[in-house]
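Chains as they are written, first to last, in our numbering: chain A, 4 to 403; chain B, 4 to 403. Idealized CB from N, CA, C, for every residue including glycine. None of the values given here were measured: they were computed from a predicted structure.
Protein chains: 2
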Amino acid sequence: MLSVEEARRRILAGLAPVSAEMVALSDAWNRVLAAPVIARLTQPPADVSAMDGYALRAADAAAGARLRVVGAAPAGRPFDGTLKWGEAVRLFTGSVIPAGADTVLLQEDAEPDAETVMVREQPAPGQHIRRQGQDFSVGDTLLAPGLRLGARDIGLAAAANHPWLTVHRRPVLAILATGDEISMPGEPIGNGGIVSSNSHALAALVRAHGGTPVLLPVAADRVDEIAAAAAGARADLLVTTGGASVGDHDLVQAGLTKAGFALDFWKIAMRPGKPMMHGYLGGTPVLGLPGNPVSAFVCATLFLLPAIARLAGLAVTGPATETAVLGVAVRANDHRADHLRATLARSDSGALVVTPFVRQDSALLRALAEADALVLRAPHAPALEAGSSVEIIRLHDLGV
Amino acid sequence: MLSVEEARRRILAGLAPVSAEMVALSDAWNRVLAAPVIARLTQPPADVSAMDGYALRAADAAAGARLRVVGAAPAGRPFDGTLKWGEAVRLFTGSVIPAGADTVLLQEDAEPDAETVMVREQPAPGQHIRRQGQDFSVGDTLLAPGLRLGARDIGLAAAANHPWLTVHRRPVLAILATGDEISMPGEPIGNGGIVSSNSHALAALVRAHGGTPVLLPVAADRVDEIAAAAAGARADLLVTTGGASVGDHDLVQAGLTKAGFALDFWKIAMRPGKPMMHGYLGGTPVLGLPGNPVSAFVCATLFLLPAIARLAGLAVTGPATETAVLGVAVRANDHRADHLRATLARSDSGALVVTPFVRQDSALLRALAEADALVLRAPHAPALEAGSSVEIIRLHDLGV
Numbered sequence: 004m005l006s007v008e009e010a011r012r013r014i015l016a017g018l019a020p021v022s023a024e025m026v027a028l029s030d031a032w033n034r035v036l037a038a039p040v041i042a043r044l045t046q047p048p049a050d051v052s053a054m055d056g057y058a059l060r061a062a063d064a065a066a067g068a069r070l071r072v073v074g075a076a077p078a079g080r081p082f083d084g085t086l087k088w089g090e091a092v093r094l095f096t097g098s099v100i101p102a103g104a105d106t107v108l109l110q111e112d113a114e115p116d117a118e119t120v121m122v123r124e125q126p127a128p129g130q131h132i133r134r135q136g137q138d139f140s141v142g143d144t145l146l147a148p149g150l151r152l153g154a155r156d157i158g159l160a161a162a163a164n165h166p167w168l169t170v171h172r173r174p175v176l177a178i179l180a181t182g183d184e185i186s187m188p189g190e191p192i193g194n195g196g197i198v199s200s201n202s203h204a205l206a207a208l209v210r211a212h213g214g215t216p217v218l219l220p221v222a223a224d225r226v227d228e229i230a231a232a233a234a235g236a237r238a239d240l241l242v243t244t245g246g247a248s249v250g251d252h253d254l255v256q257a258g259l260t261k262a263g264f265a266l267d268f269w270k271i272a273m274r275p276g277k278p279m280m281h282g283y284l285g286g287t288p289v290l291g292l293p294g295n296p297v298s299a300f301v302c303a304t305l306f307l308l309p310a311i312a313r314l315a316g317l318a319v320t321g322p323a324t325e326t327a328v329l330g331v332a333v334r335a336n337d338h339r340a341d342h343l344r345a346t347l348a349r350s351d352s353g354a355l356v357v358t359p360f361v362r363q364d365s366a367l368l369r370a371l372a373e374a375d376a377l378v379l380r381a382p383h384a385p386a387l388e389a390g391s392s393v394e395i396i397r398l399h400d401l402g403v
Numbered sequence: 004m005l006s007v008e009e010a011r012r013r014i015l016a017g018l019a020p021v022s023a024e025m026v027a028l029s030d031a032w033n034r035v036l037a038a039p040v041i042a043r044l045t046q047p048p049a050d051v052s053a054m055d056g057y058a059l060r061a062a063d064a065a066a067g068a069r070l071r072v073v074g075a076a077p078a079g080r081p082f083d084g085t086l087k088w089g090e091a092v093r094l095f096t097g098s099v100i101p102a103g104a105d106t107v108l109l110q111e112d113a114e115p116d117a118e119t120v121m122v123r124e125q126p127a128p129g130q131h132i133r134r135q136g137q138d139f140s141v142g143d144t145l146l147a148p149g150l151r152l153g154a155r156d157i158g159l160a161a162a163a164n165h166p167w168l169t170v171h172r173r174p175v176l177a178i179l180a181t182g183d184e185i186s187m188p189g190e191p192i193g194n195g196g197i198v199s200s201n202s203h204a205l206a207a208l209v210r211a212h213g214g215t216p217v218l219l220p221v222a223a224d225r226v227d228e229i230a231a232a233a234a235g236a237r238a239d240l241l242v243t244t245g246g247a248s249v250g251d252h253d254l255v256q257a258g259l260t261k262a263g264f265a266l267d268f269w270k271i272a273m274r275p276g277k278p279m280m281h282g283y284l285g286g287t288p289v290l291g292l293p294g295n296p297v298s299a300f301v302c303a304t305l306f307l308l309p310a311i312a313r314l315a316g317l318a319v320t321g322p323a324t325e326t327a328v329l330g331v332a333v334r335a336n337d338h339r340a341d342h343l344r345a346t347l348a349r350s351d352s353g354a355l356v357v358t359p360f361v362r363q364d365s366a367l368l369r370a371l372a373e374a375d376a377l378v379l380r381a382p383h384a385p386a387l388e389a390g391s392s393v394e395i396i397r398l399h400d401l402g403v
């Protein structure tokens with residue numbers, strides 16, 4: 004059986020970022036840049052005032068001097084003359100400093116009348132001036148490919164005059180649920196049947212991580228039906244789930260094989276997570292998740308989310324982990340990496356405390372929904388006392 | 004001047020969650036529940052097998068006993084007879100336990116031939132059976148109003164047979180940028196003009212927090228134009244930005260007043276953040292953000308994001324903070340709450356270290372985009388050495 008790390012390495016090795024598309028700036032939030040954003044203008048475009056006040060020559064402006072106000076230059080309407088000896092121009096935040104001026108007298112330090120202004124305190128040369136290009140200049144690379152665009156990045160791209168951005172298109176993930184017992188929510192449920200939950204949860208995860216989910220019609224437990232459904236998928240990654248009714252993945256694997264599937268591996272030394280399958284159907288990578296909802300989720304967290312990130316153009320090698328302190332003792336682990344569902348809390352001293360649920364039954368969807376984190380237990384990890392440090396994966400941060 | 008906390012309290016006090024709508028389960032990820040999700044079925048729907056194996060009576064199944072296999076019950080196709088003495092039924096994970104059976108013999112502990120199965124190890128009564136309703140039962144409240152739906156919640160709602168969910172509609176936020184010098188990206192830029200960045204960054208923030216942004220046409224620096232633009236907005240919250248060309252908010256405030264604006268307050272003891280305005284235009288709450296991009300962002304983080312959360316139906320009183328360790332010394336603070344832009348890193352010992360930028364110039368969009376966090380400095384906070392603990396707000400977590 005493969006280790007979790009080796010399995011993830013092999014899955015990621017078979018994936019490349021999807022191609023690019025152009026989107027309007029207003030649609031680009033949370034997308035991943037595929038081309039650099041290079042400044043198309045200089046910011047500030049000229050030397051501008053950082054405050055409301057008066058542009059003048061510092062040498063003219065001893066305390067008590069009275070200068071002639073020869074104009075005003077609101078932001079966007081620069082004064083087009085040149086300031087001469089003994090003159091001042093009214094300015095506002097963002098106003099271009101007129102030619103000939105070399106400093107800004109603060110409004111608070113000025114005493115204006117109808118046509119002149121009296122200097123209360125002599126300004127230093129260059130004071131309250133934001134220099135041309137202080138933020139960025141034409142040709143500067145402002146944002147690099149591989150960045151997931153946050154709101155501030157959108158603001159920066161706007162300021163650099165980009166109405167369109169080149170981003171990776173959203174990876175398309177086809178989701179194939181199988182099983183005679185599966186109904187969709189709101190549809191008739193057979194005797195002994197259950198309502199599909201995995202495919203909906205997985206579709207939401209795909210959305211949360213910037214992909215486009217395609218829910219393939221549920222395939223009955225027949226090899227030819229599974230083969231046809233898989234062969235018809237047009238996706239950057241095909242995700243299967245279930246097939247439990249005749250013993251885990253046997254039927255899904257048989258169906259995929261009929262469609263031309265090349266298996267890479269199907270066993271990982273982990274818990275929960277019965278056999279998880281990986282391989283290729285033609286050029287399409289395939290992840291075969293367990294049918295058990297909790298197992299499917301843990302496998303999705305460990306393998307599917309990094310896969311989506313890689314497809315989306317992000318430099319990701321695995322889920323982000325952090326350290327927390329155990330709220331209770333845990334037993335020694337066996338040979339399989341374990342992933343305990345747990346709650347998080349802050350202790351009085353501010354420490355992050357993680358407490359695994361007493362019941363780790365992998366059929367309990369409701370307990371899964373209430374978990375804040377997974378506690379990572381390596382193969383053969385020793386028993387730990389309460390208060391020991393452990394690595395965790397936070398679930399809420401993943402949109403999970 | 005108001006404190007940050009008092010200002011936020013007053014802003015939030017004027018906001019109520021927006022009304023509800025029904026959305027398809029597949030559109031419900033990240034929406035906020037407005038009605039509880041109550042289980043419409045019981046999960047598991049009957050006692051089911053947790054493993055592949057054989058249903059039988061524990062009393063019949065001493066080690067070495069040979070039982071007659073009278074049928075098979077794949078998941079979704081229950082065995083409809085009643086198990087009699089000496090009989091077994093082939094089962095798979097999720098199969099309904101047939102009437103008369105009281106335990107499951109693991110496949111690994113069974114030795115089958117054409118018509119019978121030999122017991123290798125006697126199973127305990129009730130073993131490997133998941134009881135009816137072990138996860139949830141009809142009528143259980145599974146998800147409560149006010150929850151932002153994660154992927155696991157979507158899975159749980161699906162399993163509970165909900166094809167539709169009742170969620171708060173997305174709050175509509177109208178964004179009004181003003182200023183003669185403002186162009187939209189890609190449009191002609193006047194002499195001394197700049198490209199709007201605030202409104203695009205704010206629109207992205209609104210999206211990131213689950214709202215729908217409406218970008219009103221940029222209003223020129225004229226009272227009547229601002230009044231007309233504001234009066235025409237149909238929104239749950241009107242956000243203005245800019246108006247810097249004639250001295251901060253004076254013109255925006257004058258324009259709004261002409262449209263019937265009732266001012267609540269317009270000064271907060273904070274930095275960055277020149278006057279930030281709050282009030283009501285008819286029944287519409289209004290937030291007037293500074294025109295300076297960094298000031299606008301800090302104000303949005305402190306006031307706008309909690310406002311969107313309140314409108315969206317979440318129980319939020321302010322941005323989430325956490326504790327970090329200063330990487331450098333900071334000076335004593337004056338009477339205004341300060342919000343230092345800073346980077347985050349992990350020390351060798353795993354501590355979260357926050358290092359404010361040397362230049363805190365509020366005109367630097369590029370430095371803002373590179374910040375990981377804001378360091379919160381209360382009014383009159385004393386000077387601190389490197390290594391001291393401070394409260395921070397993480398920016399990436401906010402979609403910022």
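Asked: Length of the line joining the Cα atoms of Met54 (chain B) and Leu317 (chain B); Found: 41 Å
Asked: Cβ of Lys300 (chain A) within 8 Å of any chain B Cβ; Found: It is Phe, not Lys, that sits at residue 300 (chain A) in the sequence shown. True, the Cβ-Cβ gap to chain B drops below 8 Å.
Asked: Beta-carbon spacing of Ile178 (chain B), Val217 (chain B) below 8 Å; Found: yes
Asked: The region 389 to 403 of chain A contacting the region 211 to 231 of chain A, beta-carbon criterion three pairs below 8 Å; Found: yes
Asked: Inside the region 129 to 184 of chain A only - alpha helix (DSSP H) runs reaching at least 4 residues; Found: 154 to 162
Asked: Inter-residue spacing [alpha-carbon to alpha-carbon] between Ala75 (chain B) and Gly56 (chain B); Found: 10 Å
Asked: Met279 (chain A) versus Leu241 (chain A): straight-line alpha-carbon distance, rounded; Found: 13 Å
Asked: Option nearest Leu314 (chain A) by Cα separation, candidates A:Arg172, A:Ser140 and A:Thr119; Found: A:Arg172
Asked: Arg93 (chain A) burial status per 10 Å Cβ neighbour count (16 or more: buried); Found: buried
Asked: Endpoints, beta strand (DSSP E) assigned at Pro288 (chain B); Found: Thr287 to Leu292
Asked: Where the region 353 to 373 of chain A meets chain B: residues whose CB sits under 7 Å from a CB there; Found: Gly353, Ala366, Leu367, Leu368, Arg369, Leu371 and Ala372
Asked: Val333 (chain B) versus Glu394 (chain B): straight-line alpha-carbon distance, rounded; Found: 13 Å
Asked: Those residues which DSSP pairs with Glu394 (chain A) across a bridge; Found: A:Thr326
Asked: 7 Å CB neighbourhood of Val319 (chain A) in its chain, flanking five on each side removed; Found: Pro309, Ala312 and Arg313
Asked: Beta carbon of Ala61 (chain A) nearer than 8 Å to that of Thr106 (chain A); Found: yes
Asked: Proximity below 8 Å, CB of Val255 (chain A) to CB of Ser365 (chain A); Found: no
Asked: The region 76 to 87 of chain A / the region 118 to 137 of chain A touching (three or more Cβ pairs under 8 Å); Found: no
Asked: 8 Å Cβ cut-off: residues of chain E touching Ser391 (chain A); Found: As a matter of chain content, chain E is missing from the structure shown, whose protein chains are A and B.
Asked: Residues near Val198 (chain A) in its chain [Cβ-Cβ closer than 6 Å; skip 5 each side]; Found: Ser186 and Pro188
Asked: Whole-angstrom C-beta distance between Leu159 (chain B) and Ala372 (chain A), which should lie under 8 Å; Found: 5 Å
Asked: Contact set for Gln130 (chain B): own chain, Cβ-Cβ below 7 Å, skip 5 residues either direction; Found: Thr106 and Val107
Asked: Contact the region 84 to 92 of chain A vs the region 131 to 145 of chain A: 3+ CB pairs below 8 Å; Found: no
Asked: Contacts of Leu109 (chain A) in chain B (Cβ-Cβ under 9 Å); Found: Correct list: empty, because the minimum Cβ distance to chain B is about 13 Å.
Asked: Proximal residues, the region 315 to 346 of chain B versus chain A, C-beta separation under 8 Å; Found: Thr326
Asked: Short Cβ contact (8 Å threshold) for Thr243 (chain B) with Gly291 (chain B); Found: yes
Asked: Thr45 (chain A) - DSSP class collapsed to helix/strand/coil; Found: coil
Asked: 8 Å Cβ cutoff, Leu208 (chain A) in contact with chain B; Found: yes
Asked: DSSP three-state assignment for Ala247 (chain A), whether helix, strand or coil; Found: For Ala247 (chain A), the pLDDT reaches just 48, beneath the cut-off of 50, and the residue's location in the model is therefore unreliable, leaving the point undetermined.
Asked: Close Cβ partners of Val301 (chain A) (< 6 Å) along its chain, the five nearest in sequence each way excluded; Found: Pro275, Gly276 and His342
Asked: In DSSP terms, what Phe268 (chain B) is bridged to; Found: B:His281
Asked: Under 8 Å by beta carbon: chain B residues contacting Ser200 (chain A); Found: Gly158, Leu159, Ala161 and Ala162
Asked: Thr2 (chain B) - containing beta strand (DSSP E), residue span; Found: No answer is possible for residue 2 (chain B): it lies beyond the span of chain B, which begins at 4 and ends at 403.
Asked: Cβ pair Ala381 (chain A), Ala327 (chain A) closer than 8 Å; Found: no
Asked: Terminal residues of the alpha helix (DSSP H) in which Val209 (chain B) lies; Found: Asn201 to Ala211
Asked: Check whether Ile229 (chain B) and Leu205 (chain B) have beta carbons under 8 Å apart; Found: no
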